[in-house]
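The structure appears below as structure tokens.
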Amino acid sequence: MRAVETRGLTKDYLVGSLLQRKKRALDALDLEVDEGEIFGLIGPNGAGKTTTLKLLMGLVFPSGGEARILGRPLDDPEMKQQIGYLPEHPYFYDYLTGRELLTYFGQLFGLSREERRQRCRELLEKVGMTEAADVPLRKYSKGMTQRLGIAQALVNRPRLVFLDEPMSGLDPIGRREMSLLVRELRESGVTVFFCSHILSDVEQLCDRVAILNRGKLVESGRLSEIVDVSLRSLEVVVEGLTPELESRIAGSFQHSRRQGPRCHISFGDSADFERTLPFLVESGVRLVSVTPVKETLEDHFVREVKAGGRE
Amino acid sequence: MNAVAGTRPSDAGSRVEGAPVLRKIGYVALNTYRETVRDKVLYNLVLFALLMIGSSYVLGAISVYQEIKVIKDLGLASISIFGMVIAIFIGIGLVSKEIDKRTLYGILPKPISRSQFLLGKYFGLCLTLLVNVMVMTVGLYVLLFLMKEPFAPALLKAIFLVYLELALLVAVAILFSTFTSSILSGLFAGFVYAAGYLSSDLKNLESVVESAFLPQVTRVLYYLLPNFKNFDVKAAVVAGDPVPWSQLGWATAYAAIYIALLLVGSCWIFQKRNLK
Amino acid sequence: MKPGFAIGALFLAVVAVQSRIDESFGEYRSTEEILYIDNPRVLKKLLVGFENVAADLYWLRTVQYFGGKRRDANNKNFDLLEPLLRITVTLDPKFKIAYSYGATFLSEPFPQGAGMPSKGIALIDDGIRQHPGHWRFYLDKGFIYYWHLRDFDKAAEILLEGGKLQGAPYWMKTAAGRILTEGGDRQTARGLWQVLHDTAETPQQRDNAAIHLRQLDALDQMDALQKLIAVFVERVGRHPQRWEELISSGLLTAMPVDPTGAPYLLGPSRGEVRPSPESKLGVLPSH
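Spelled out as structure tokens, the structure:
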């Protein structure tokens, strides 16, 4: 049984006021997410990421196709008992305090009073909201709301969490904490499904990704399979390379660039570099840094999306 | 150690059944009650109502030998009118506000069905109304007590029926709230209220207008619209006329059935609705 | 579709309960709340902005009240008729029909109306004050004096005055003349009722006029029958006991029936002709 599975999931909207046209927000999406992995859904704005999540959460209904979570239909309360969801711009009842909100949701999950109390405490501490626990939500900053959002997604110790742009609104410390949290979740066996357009986060965290563009699935699979991990080039920064020395190693590198006392040299592959290295060392050239350059997810993404045309 | 989430499926599995349905509805109801109680607008309205009841004292002093009657008349009318305002203003927000503000995004993914949620909201507002009506009732009785008027339990019959009327009105407001915006549903609910009070006059059209077709139409409309006159015994109670228990019984039956109808309809519409 | 069935079934239940409520408690409701606030001026102040709609409402209730009461043989009291009319015209003084209707039915003797001609006159006088150029009111008022109060001089005076107004029909003056000269004779009466019938503004007033015309016809018939009985007495020397005797003596061809179809009865002793108690003629005028 897969954690999430969709077959031909489609969503059409009617747009326009008088003469309504059908706009297809999601077109026959086939997706598979296994348990225990971190799965990233990425795409430009309007690609259909949030639509996919809204369909999975039962907030909107599909125009075609079907989907299952944990092998069960989307309206199954037993399934909902085991999942958590963080919406994109979370907004909760602003007349409640953080603690009250978590308690309320705990009630809906059927936690006992003792369980609720304990869980509240745990979660508030975990997301660093213990001091603000009794402040009404209407006074929260965006970051605070986001933290509370992740807390409420975990009230029921879910097997599977859905996060829509979990990093938005967080400062760099918060983002680091969130990354750690996601990793922790995976370590405990929780499946994480998240949408993001911060590709560096996705690259760091995800096991598998799916790329959406204009409602269609462009590509999906393991990150390592999608992104060509082979070396593109080796960026070496040196000091003390005179033009005369440079001309001596002219054939072994692709191009170079001078910046003050330093020189940035781009080697085609590591073999070229390895051959040149002894000579450089002998000549007294000082190595500042050696950086492998691989295709990033961002490179790949931009290329794929440009090919498919941006919205 | 992991404080964050369950590791083995068994952790989550042990709680797969979750809370019983009625209890979930109860939690939503209580939270709705809490929501309305923290709403400043409510306090203003109740304050206004108490002021109205108090000012009936002044009006009563003006009309000779009629103070008690005026106080009772105005008191009952205040409870009815302010109850109506509360019912509509808060009733329309029940669903529309949740959709507009997207607070539903946090609720619906939880193990609660849309219908259970709707019912919870409805009963929560009924609870709010109950408390408010009781506060206003106490205010009225206190005033009467200060006027040295003996305790009149008959007024409670009229107030009970007013409460039924309000419960019905809230159900109307919820129905509109499931498919239109806040403003429109408020307007529609107000319109239905007025029309419901005049529906018995609809039947009278038959005797004045000469047409074979019209009486059929008005008769259908008459049954379709909620007949709020069924709950109006204020005149009788103030005049001291007896109000038979059977009348209360039938009015309660009418309210219960009509409310059930509206709630079933609301759940049906809400179940199908795509949220923005 | 399960919810659909539930809704349908619940709606039927609603209709059933509502009908039951109307049956048991309807009468009570309608009289009590019609006049919850019975002071027209207070009402007018309270309903600021909605007086016209409210006037229409009260008009509807008036007609329903009166019509309902008339049909109902048991409840014989039209107490609320005048207050209802008063409220209607206070809320909307332009409601001319209400004045005429009130004039007619307040003055009609019980049980055809409330039997209070003085109240009818008071109402129509208010109407005249509001609408001095409206000739119809003079007709209504004049008629009350003519028919119900038997004050021919006053009736003629009013009709003459009304006849002078712009738009008044020519026959108002002629009618005035005839009343002065012929007084209470049946032909004049018939003529006037016919006019009221033809120019009636509400179906109820038209029906009322029709009833009166039938009554006049009945009176004519009874007169004719009386003459036949007199002939019989002359011929046979005694009063007839049954209509068959008149038929067998060739004076009548069939059993006499009144314009509503009910048979006439021959009096117990001295040959008086009476309409049957089941007749729908109503109370016959004494003239």
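Chains as they are written, first to last, in my numbering: chain F, 1 to 311; chain Z, 1001 to 1276; chain H, 2001 to 2287.
Glycine included, every Cβ here is placed at the ideal spot set by N, Cα and C.
Run through chain Z and tell me which residues come within less than 8 Å of residue i, C-beta to C-beta.
i	result
PRO292/F	Here the premise fails: no neighbours, minimum Cβ distance about 34 Å.
GLY98/F	What GLY98/F touches in chain Z: nothing, since even the nearest Cβ is about 13 Å away.
ILE265/F	Neighbours of ILE265/F on chain Z: none; closest Cβ ~46 Å, over 8 Å.
PRO90/F	TYR1105 and GLY1106
Considering Cα atoms alone, identify which of the options is closest to residue i.
i	options	result
LYS2045/H	LEU2084/H, LEU2091/H, TYR2146/H and ASP2022/H	LEU2091/H
ASP30/F	GLU177/F, GLY8/F, THR51/F and GLY64/F	GLY8/F
PHE2078/H	LYS2141/H, TYR2065/H and ARG2274/H	TYR2065/H
TYR2101/H	MET2222/H, THR2199/H, LYS2280/H and LEU2043/H	THR2199/H
ARG1143/Z	VAL1243/Z, GLY1120/Z and GLY1075/Z	Position check: residue 1143/Z holds Leu in this sequence, whereas Arg was assumed. Nearest C-alpha to LEU1143/Z: GLY1075/Z.
ILE1088/Z	GLY1196/Z, PHE1188/Z, VAL1237/Z and ARG1023/Z	PHE1188/Z
TYR2138/H	ALA2114/H, PRO2109/H, TRP2059/H and ALA2176/H	ALA2176/H
ASN1230/Z	LEU2010/H, GLY2008/H and VAL2014/H	VAL2014/H
GLY221/F	GLY40/F, ARG2/F and LYS22/F	GLY40/F
LEU1164/Z	PRO1020/Z, ASP1201/Z and PHE1123/Z	PHE1123/Z
ALA2052/H	PRO2093/H, GLY2261/H and ALA2009/H	The amino acid at residue 2052/H is misidentified as Ala; the sequence shows Asn. Checked all of PRO2093/H, GLY2261/H and ALA2009/H; the closest Cα to ASN2052/H is PRO2093/H.
ASN2208/H	GLY2113/H, GLU2023/H and GLY2237/H	GLY2113/H
ARG2206/H	PRO2256/H, LEU2192/H and PHE2110/H	LEU2192/H
LEU2165/H	ILE2128/H, TRP2147/H, LEU2123/H and GLU2182/H	ILE2128/H
ARG1034/Z	GLU66/F, TYR93/F, ARG72/F and LYS22/F	TYR93/F
ALA1167/Z	MET1147/Z, VAL1131/Z and TYR1141/Z	VAL1131/Z
Could you check the C-alpha separation between residue i and residue j for me, to the nearest Å?
i	j	result
TRP2171/H	LEU2149/H	22 Å
GLN2187/H	ALA2168/H	22 Å
GLU219/F	ILE211/F	5 Å
ILE38/F	VAL1264/Z	41 Å
TYR1258/Z	TRP1250/Z	12 Å
LEU18/F	LEU1184/Z	20 Å
GLU2278/H	LEU2265/H	11 Å
VAL1233/Z	PRO2259/H	46 Å
GLN60/F	TYR13/F	The displayed chain sequence assigns Val, not Gln, to residue 60/F. Approximately 11 Å, taken between the alpha carbons.
GLY2163/H	VAL2195/H	14 Å
GLN152/F	GLU165/F	15 Å
ARG159/F	GLY36/F	9 Å
SER283/F	ARG275/F	14 Å
PRO2003/H	ARG1273/Z	15 Å
ALA2073/H	MET1052/Z	Low confidence applies to ALA2073/H: its pLDDT is 49, below 50, so where it sits in the model is not reliable, and the reading given next is rough at best. Straight-line Cα distance between these residues: approximately 45 Å.
GLN1247/Z	LYS1072/Z	21 Å
GLU2032/H	GLY1091/Z	Any reading at GLU2032/H must be qualified, since the residue scores a pLDDT of 48, below 50, and its modelled position is unreliable; the value itself is stated next. The alpha-carbon atoms of GLU2032/H and GLY1091/Z are separated by roughly 32 Å.
ARG232/F	LEU181/F	32 Å
LYS1024/Z	ILE1112/Z	7 Å
VAL2063/H	ALA2210/H	18 Å
LEU2057/H	LEU1198/Z	9 Å
LEU102/F	SER179/F	22 Å
ILE69/F	LYS54/F	13 Å
PHE1179/Z	ASP1100/Z	12 Å
GLU187/F	THR130/F	25 Å
LEU1275/Z	VAL190/F	28 Å
Using a cut-off of 9 Å between C-beta atoms, extract the partners of residue i located in chain B.
i	result
GLN1247/Z	Structure shown: chain B not included; protein chains present are F, Z and H.
Taking C-beta pairs closer than 8 Å, name the residues in chain H that residue i reaches, listed in chain order.
i	result
TYR1254/Z	VAL2014, VAL2017, GLN2018 and ILE2021
ILE1257/Z	LEU2010, ALA2013, VAL2014 and VAL2017
Under 7 Å Cβ-Cβ, which residues of chain H neighbour residue i?
i	result
ASN1227/Z	GLN2018
ALA1260/Z	LEU2010
ASN1230/Z	ILE2021
List, in order along the chain, the chain Z residues whose C-beta lies closer than 9 Å to that of residue i?
i	result
LEU2084/H	Chain Z residues near LEU2084/H: none, gap ~12 Å exceeds 9 Å.
Could you tell me which chain H residues have their CB closer than 9 Å to the CB of residue i, listed as they occur along the chain?
i	result
VAL1264/Z	PRO2003, ALA2006, ILE2007 and LEU2010
ILE1159/Z	Those within 9 Å of ILE1159/Z in chain H number zero; the least Cβ separation is about 17 Å.
TYR1223/Z	PHE2011, VAL2014, VAL2015, GLN2018 and SER2019
Below 9 Å on C-beta distance, what does residue i contact in chain F?
i	result
ILE1282/Z	With chain Z represented from 1001 up to 1276, any question about residue 1282/Z goes unanswered, as that position is not in the structure.
Run down chain F in chain order and give the residues with a C-beta less than 7 Å from the C-beta of residue i.
i	result
ARG1219/Z	Ordered by position in chain F, no residue passes the 7 Å Cβ test against ARG1219/Z, which lies about 37 Å from the chain.
GLY1018/Z	PRO77, GLN81, PHE109 and GLY110
Give the interface partners of residue i over in chain Z, defined as CB-CB distance under 7 Å, in chain order.
i	result
GLN152/F	GLY1106
What residues in the stretch 2048 to 2066 of chain H bring their beta carbon closer than 8 Å to a beta carbon of chain Z?
-> Contact annotation: in the stretch 2048 to 2066 of chain H, residues whose CB is within less than 8 Å of a CB in chain Z are LEU2057, TRP2059, LEU2060, ARG2061, VAL2063 and GLN2064.
Stretch pair the stretch 120 to 135 of chain F + the stretch 83 to 90 of chain F: three plus CB contacts closer than 8 Å = Result no; under three Cβ-Cβ pairs closer than 8 Å.
Would you list, in chain order, the members of the stretch 174 to 206 of chain F that have their beta-carbon closer than 9 Å to a beta-carbon of chain Z?
-> In summary, the residues of the stretch 174 to 206 of chain F whose CB is separated from some CB of chain Z by less than 9 Å are LEU181, GLU184, LEU185, GLU187, SER188, GLY189 and VAL190, in the order they occur in the chain.
Within the chosen definition, does the stretch 1123 to 1134 of chain Z reach the stretch 1026 to 1042 of chain Z through at least 3 CB pairs nearer than 8 Å?
-> yes
Cβ contact check for the stretch 1105 to 1125 of chain Z and the stretch 61 to 73 of chain F: 3 or more pairs under 8 Å = no
Residues of the stretch 46 to 73 of chain F with Cβ closer than 7 Å to any Cβ of chain Z, in chain order = MET57, GLY58, LEU59, VAL60 and PHE61
The stretch 284 to 296 of chain F in contact with the stretch 237 to 244 of chain F per 3-pair CB rule at 8 Å | yes
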